[in-house]
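Positions in the sequence shown are counted from 1; adding 91 to them yields my numbering. Ideal Cβ positions, reconstructed from N, Cα and C, are used throughout, including at glycine. Note that the structure is a prediction, hence the values are computed from the model and not measured. Here's the structure, in structure tokens; my notes come after.
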Amino acid sequence: MAEEIVKLANLNETLEDEVKVVPELTKKMREIDHKYNAVLQMYGEKAEEVTELRLDIQEIKEMYRQQIEDLLKKTLTVIEGVVLLLMMVL
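Below, the structure is given as structure tokens:
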């Protein structure tokens, strides 16, 4: 019986020590949760920014393609005009 009392006393002491740590662990968990949510929000903002930048790049590519096509058409028109003039002169 005395042995069982000693075991229970030791167990009680261990549990009391563990209970003392709970508030500190709870505080740390809240801090980590707060940091996690902040990082998650920043990640979401960066992901949205990347999506917007990709769309911007796509628009810029399309504008460059259109400019190149327009320049090629103008160049072709000028060349055709020069060829016609040369044919008229010769």
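Here residue 92 carries a coil assignment [DSSP, helix/strand/coil].
Straight across, the Cα-Cα distance linking residue 175 with residue 159 is about 24 angstroms. In this structure, the CA atom of residue 179 is about 34 angstroms from the CA atom of residue 156. In this structure, the CA atom of residue 154 is about 24 angstroms from the CA atom of residue 170.
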